[in-house]
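A.B. asks: Numbering (my numbering), first residue to last: 3 to 530. Quick one: this structure, given as structure tokens, is what I'll be asking you about.
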């Protein structure tokens, strides 16, 4: 995710990290589209290079019933077929080797106990066969399974192999520790394959010579095709072989050629699988008949190897912004919070001041006739109230200024209703506009003139008859009276209720609060 705001991600330049990149082999390299096919018969010729004079063709070997070693068929010359299937990220490579019957000379030898010169296809009982040495040949199936790599470079890693049903022990399963096998595209025309075993490795390069055949060049370690142990201890010297195989193009032709080889080398009916007898499709896993096949768990489970269904080790780190945008957004967020906080605070202060002005004006109105506008206020009454506050401190004197202590004494006495210290500080600061810690008479009058809206509300309540508190008081009186009537201890039915407008909670001069009704007049603050 590389742009002006975010740091560049590895996936911007590295396909291994790109979550949208394909894990399919054919998408990664065009060579696999040509390689996924069926190929016709290859005549293999192997010579056991066991001496410097050139060696001889590999010879049949008696089969050891106990160890499972040996192959009592012609091993120097045989025929093989190959089919490669690719499905997305998965590849399967099947090879079928058909061996001719052993020679008459080999079959005429004495057979020691524990050895046989012919075997069947029953892994659990190799001697259970109708085959005859020198008359019937045999078959070996080799099958490997692989997947594309997390590198997404077209490479294949083989992880499962099988060979049998008798030759090689009829084993099928994951590659054992120390074994590895892989294939690497070389450009768009060749594949390099390499297998690593306990015996020195075997490599092969497959090059497509044209659209109809595949040319294979192999390098084999000297002696590795000898008796099975002759390769151990040999220096790494390679012999080279080259062979070609025609592309068949479809599975039907592949099966037909195998049927022909089975007939040529006289494979018994008992050793011929149903798909060859009936000309059916090649099974999805030939090794199932003698070993085992990879399951979805092997591909996609906790230890799975298929990149298309397992988590790649190449993961993009969490997207992170560049330092510049981070700083910009942080400053913007702080600014937004500060602005919102400022307006909320301003609104709260405004609401608090309104409540305090209303509370203070209501108390002052008890002694001062505030009817009319500011210009119509009775200076004598306002001055008298100012002086009462000025000398509200016990033992104090009238000095023409209301101090913080004097106003606190006034509000603490309940004359302006209950008020906490925080509200008091705001009230005093609203009067003390010059910050001198004392309020003169002009400032007092100016503050009173700023209470126009609040006095308008009080005047409205007066016009309606009584305030919200008085309505609650009257309602409670009615409920009390009705309770007395029910118990027989109250007034007579025709006795009038107490005059609600003469409630003790009502101010005798509430009507005078109309003086600021509809007026926005302000008094000029003049120091005296």
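Note that beta-carbon positions come from the ideal geometry of N, C-alpha and C, so glycine has one too.
Over the uninterrupted beta strand (DSSP E) stretch that includes residue 255, give me the two end residues.
C.D. replies: Position 253 of the chain shown, counted from the first residue, corresponds to residue 255. Annotation for residue 255: no beta strand (DSSP E) segment contains it, though the alpha helix (DSSP H) segment containing it runs 253 to 266.
A.B. asks: Check the C-beta distance from residue 436 over to residue 406 and give it rounded, since I have them as a contact under 8 Å.
C.D. replies: Locating residue 436 in the chain shown gives position 434, counting from the first residue. Locating residue 406 in the chain shown gives position 404, counting from the first residue. At roughly 14 Å, the Cβ-Cβ gap does not stay under 8 Å, so residue 436 and residue 406 are not in contact.
A.B. asks: What's the gap between the Cα of residue 267 and the Cα of residue 100?
C.D. replies: Numbered from its first residue, the chain shown carries residue 267 at position 265. Numbered from its first residue, the chain shown carries residue 100 at position 98. Cα-Cα distance, rounded: 7 Å.
A.B. asks: Using a Cβ-Cβ cutoff of less than 6 Å, which residues in the same chain neighbour residue 168 once the five nearest sequence positions on both sides are dropped?
C.D. replies: Numbered from its first residue, the chain shown carries residue 168 at position 166. The answer, listed in chain order, is 121 and 128.
A.B. asks: Within 10 angstroms of its Cβ, does residue 378 collect 16 or more other Cβ (buried), or is it exposed?
C.D. replies: For this step, residue 378 is matched to residue 376 along the chain shown. Residue placement at residue 378 is flagged as unreliable, the pLDDT there being 49, under the threshold of 50; a coordinate-derived value is accordingly withheld.
A.B. asks: Measure how close the beta-carbons of residue 33 and residue 153 come, nearest whole angstrom, since I'm counting them as under 8 Å.
C.D. replies: On the chain shown, residue 33 is found 31 positions in, with the first residue counted as 1. On the chain shown, residue 153 is found 151 positions in, with the first residue counted as 1. Going by Cβ atoms, the distance from residue 33 to residue 153 rounds to 16 Å, so no, they are not a contact pair.
A.B. asks: Which whole-angstrom value is the C-beta distance of residue 86 and residue 37, which I expect to be below 8 Å?
C.D. replies: Within the chain shown, the letter at position 84 stands for residue 86. Within the chain shown, the letter at position 35 stands for residue 37. Going by Cβ atoms, the distance from residue 86 to residue 37 rounds to 6 Å, so yes, they are a contact pair.
A.B. asks: Hey, residue 185 and residue 148: beta-carbon distance below 9 Å or not?
C.D. replies: As a first step, residue 185 is located in the chain shown; it is residue number 183 there, counting from the start. As a first step, residue 148 is located in the chain shown; it is residue number 146 there, counting from the start. A contact, by the Cβ cut-off of 9 Å.
A.B. asks: Can you tell me whether DSSP reads residue 531 as helix, strand or coil?
C.D. replies: Given that the chain is displayed from residue 3 to residue 530, the structure contains no residue 531 and the question cannot be resolved.
A.B. asks: Can you tell me the Cβ-Cβ gap for residue 443 and residue 385, rounded? I've got them flagged as a contact below 8 Å.
C.D. replies: By one-based count along the chain shown, residue 443 stands at place 441. By one-based count along the chain shown, residue 385 stands at place 383. The Cβ separation is near 7 Å, so the contact holds.
A.B. asks: Quick one: what's got a C-beta closer than 8 Å to residue 21's C-beta in the same chain, skipping five residues either side?
C.D. replies: Translated into the one-based positions of the chain shown, residue 21 becomes position 19. Here the set comprises 13 and 318.
A.B. asks: With H, G and I counted as helix, E and B as strand and the rest as coil, what does DSSP make of residue 193?
C.D. replies: Your numbering for residue 193 matches position 191 in the chain shown. Three-state DSSP puts residue 193 in a strand.
A.B. asks: Looking at residue 139 and residue 83, is the spacing between their C-beta atoms short of 9 Å?
C.D. replies: Within the chain shown, residue 83 is the residue found at index 81, counting from 1. Within the chain shown, residue 139 is the residue found at index 137, counting from 1. Taking 9 Å as the Cβ cut-off, residue 83 and residue 139 do not qualify as a contacting pair.
A.B. asks: Secondary structure at residue 387, three-state DSSP: helix, strand or coil?
C.D. replies: Numbered from its first residue, the chain shown carries residue 387 at position 385. In this structure, residue 387 counts as helix in the three-state DSSP scheme.
A.B. asks: With which residues is residue 111 paired in a DSSP beta bridge?
C.D. replies: Counting from 1 along the chain shown, the entry for residue 111 is found at position 109. DSSP output for residue 111 lists no bridge partner at all.
A.B. asks: Can you find the residues in the same chain that come closer than 7 Å, C-beta to C-beta, to residue 449, ignoring five residues on each side of it along the sequence?
C.D. replies: On the chain shown, residue 449 is found 447 positions in, with the first residue counted as 1. Closer than 7 Å at the Cβ level, and outside the excluded window around residue 449, lie 432 and 433.
A.B. asks: With H, G and I counted as helix, E and B as strand and the rest as coil, what does DSSP make of residue 25?
C.D. replies: Counting from 1 along the chain shown, the entry for residue 25 is found at position 23. Residue 25 falls in the coil class under three-state DSSP.
A.B. asks: How should residue 309 be labelled, buried or exposed, when 16 other C-beta atoms within 10 angstroms of its C-beta is the threshold for buried?
C.D. replies: For the purposes of this step, residue 309 is taken as residue 307 along the chain shown, with counting starting at 1. Burial call: buried.
A.B. asks: Can you tell me the Cα-Cα spacing of residue 413 and residue 445, whole angstroms?
C.D. replies: As a position in the chain shown, residue 413 is number 411, starting the count at 1. As a position in the chain shown, residue 445 is number 443, starting the count at 1. Taken atom to atom, the span from the alpha-carbon of residue 413 to that of residue 445 is near 18 Å.
A.B. asks: Kindly indicate which three-state DSSP category residue 20 falls into: helix, strand or coil?
C.D. replies: For the purposes of this step, residue 20 is taken as residue 18 along the chain shown, with counting starting at 1. Coil.
A.B. asks: Decide if the region 283 to 300 is in contact with the region 165 to 180; the criterion is three or more beta carbon pairs, one per stretch, under 8 Å apart.
C.D. replies: yes
A.B. asks: Taking the straight line between their C-alpha atoms, what separation do you get for residue 45 and residue 94?
C.D. replies: The sequence position of residue 45 within the chain shown is 43, counting from 1. The sequence position of residue 94 within the chain shown is 92, counting from 1. So the two alpha carbons sit approximately 22 Å from each other.
A.B. asks: Helix, strand or coil, according to DSSP, for residue 332 in the structure here?
C.D. replies: Here residue 332 refers to the residue found at position 330 of the chain shown. The answer is helix: DSSP assigns residue 332 an H, G or I state.
A.B. asks: Around the Cβ of residue 537, are there at least 16 other Cβ atoms within 10 angstroms (buried) or fewer (exposed)?
C.D. replies: The chain is shown only over 3 to 530; residue 537 falls outside these bounds and no answer can be derived.
A.B. asks: Grouping DSSP H, G and I as helix and E and B as strand, with all else coil, what is residue 284?
C.D. replies: Numbered from 1 along the chain shown, position 282 holds the residue referred to as residue 284. In the structure shown, residue 284 sits in coil (DSSP, three-state: anything other than H, G, I, E or B).
A.B. asks: Look at the alpha carbon of residue 29 and the alpha carbon of residue 103, and state the distance between them as a whole number of angstroms.
C.D. replies: Here the question's residue 29 lines up with position 27 in the chain shown. Here the question's residue 103 lines up with position 101 in the chain shown. Between residue 29 and residue 103, the C-alpha separation is close to 44 Å.
A.B. asks: Residues in the same chain with beta-carbon distance under 6 Å from residue 263, minus the five sequence neighbours each way, listed in chain order, please.
C.D. replies: On the chain shown, residue 263 is found 261 positions in, with the first residue counted as 1. These residues qualify, in order along the chain: 81 and 100.
A.B. asks: With distances taken Cα to Cα, identify the nearest neighbour of residue 157 among 25, 424 and 335.
C.D. replies: By 1-based counting over the chain shown, the position of residue 157 is 155. The shortest C-alpha separation from residue 157 is found at 25.
A.B. asks: When the Cα atoms are used, what is the spatial distance from residue 72 to residue 107?
C.D. replies: Taking the first residue of the chain shown as 1, we reach residue 72 at position 70. Taking the first residue of the chain shown as 1, we reach residue 107 at position 105. Distance between the alpha carbons of residue 72 and residue 107: 17 Å.
A.B. asks: Once you ignore the five residues that flank residue 79 on each side, which residues in its own chain have a CB closer than 6 Å to its CB?
C.D. replies: What you label residue 79 is simply residue 77 of the chain shown in a count that begins at 1. Closer than 6 Å at the Cβ level, and outside the excluded window around residue 79, lie 47.
A.B. asks: Would residue 143 pass as an interface residue toward chain C - the criterion being a Cβ-Cβ separation below 9 Å?
C.D. replies: This model lacks chain C altogether, as it is built from one protein chain only.
A.B. asks: Quick one: what does DSSP say residue 124 is sitting in, helix, strand or coil?
C.D. replies: As a working mapping, residue 124 is identified with position 122 in the chain shown. Secondary structure at residue 124: coil, using DSSP grouped into helix, strand and coil.
A.B. asks: Can you give the Cα-Cα distance for residue 393 and residue 383, rounded to whole angstroms?
C.D. replies: Taking the first residue of the chain shown as position 1, residue 393 is located at position 391. Taking the first residue of the chain shown as position 1, residue 383 is located at position 381. Computed Cα separation, rounded: 16 Å.
A.B. asks: What three-state label does DSSP hand residue 117 in the structure shown?
C.D. replies: Your numbering for residue 117 matches position 115 in the chain shown. In this structure, residue 117 counts as strand in the three-state DSSP scheme.
A.B. asks: Under a Cβ-count criterion, where at least 16 other Cβ atoms within 10 Å of its own Cβ denotes burial, should residue 260 be classed as buried or exposed?
C.D. replies: Along the chain shown, read from residue 1 onward, the residue named residue 260 stands at position 258. Buried is the call here.
A.B. asks: State buried or exposed for residue 376, treating a residue as buried only when at least 16 other CB atoms are found within 10 Å of its CB.
C.D. replies: The residue labelled residue 376 in the question sits at position 374 within the chain shown. Interpretation of residue 376 is limited by its pLDDT of 45, a score under 50 that renders its predicted location unreliable; no figure is taken from the coordinates.
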